[in-house]
Structures are given as structure tokens and as C-alpha cells.
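For the sequence shown, counting from 1, position 44 maps to 43 in numbering that gives the first Met the number 0; every step adds exactly one.
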Amino acid sequence: MYAAIRQGKAKAGMAEELTRRIKEGAIPIISDVEGFMAYYVVYAPDDTVTAISIFNNFAGAEESNKRGLAWIEKNLAPLLTGPATAVAGPVIVHTLA
Numbered sequence: 000m001y002a003a004i005r006q007g008k009a010k011a012g013m014a015e016e017l018t019r020r021i022k023e024g025a026i027p028i029i030s031d032v033e034g035f036m037a038y039y040v041v042y043a044p045d046d047t048v049t050a051i052s053i054f055n056n057f058a059g060a061e062e063s064n065k066r067g068l069a070w071i072e073k074n075l076a077p078l079l080t081g082p083a084t085a086v087a088g089p090v091i092v093h094t095l096a
């Protein structure tokens, strides 16, 4: 299992608009990547937005970051305080209920 993590800092008050844009635009792009398993977005109280995608292969995780960063730059840049970052790698610990 591999995770792709993209993170950025939103301008204050942008949570609802970010949510709408991500649901309409990012989910179809990320979920279309081969090996896709899951997608989560966390909006922290300090306006940090973290997207976590789970894949069954490293190539999928890398591809999702490539597509995700391009999509963020094109569609979310006006709502962020700066550029988003991305990392990908193997999930070394996980558990489910």
C-alpha cells in the first residue's frame, strides 16, 4: 500500500469553496489513476489542507501527485497562500477498525 500526500495552506474562509472544487474536480482525476484505493482530505484549524490518496502501487501514488499538483495549480491557486507540496511513499503502518 502506498500513500500520496499533497498539502497546502488555504486563505482564511476558503473551506467551503475548496470543498466544492475538490469534490467536482480533484476526485475524478485522482480516482482515475490505476491502483486507486481511497482518497481523504483534511482541513485543519490553521487552514492547512491535506489530501491523502491511497494506492496499491507506488507508480499510482506518484502519478496522483503529478496530476494533483497540476490540478491544484490550475484550479486552487487563487484560494491558497502559496504553492502546494507533495510526497509519496509506502505506508509502513496502518490499521482498520
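Cβ atoms here follow ideal geometry from the backbone N, Cα and C, with glycine treated the same way.
From a predicted model like this one, the values you see are computed outputs, not experimental measurements.
For the segment 27-94, the full-length alpha helix (DSSP H) segments reaching 4 residues or more read 57-74 along the chain. One Cα belongs to I53, the other to K73, and the distance between them is close to 23 Å. DSSP places A3 in no alpha helix (DSSP H) but in the uninterrupted beta strand (DSSP E) bounded by 1-8. E23: not part of any alpha helix (DSSP H); DSSP gives it neither H nor E. Distances from the CA of I29 to each of T94, V90, W70 were compared; the closest alpha carbon is that of W70.
When DSSP states are grouped into helix, strand and coil, A96 belongs to the coil group.
When secondary structure is reduced to three states using DSSP, A14 falls in the helix class. Sequence-distant Cβ neighbours of P89 in its own chain, meaning closer than 6 Å and more than five residues away, are Y1. N56 and A43 have their C-alpha atoms roughly 28 Å apart.
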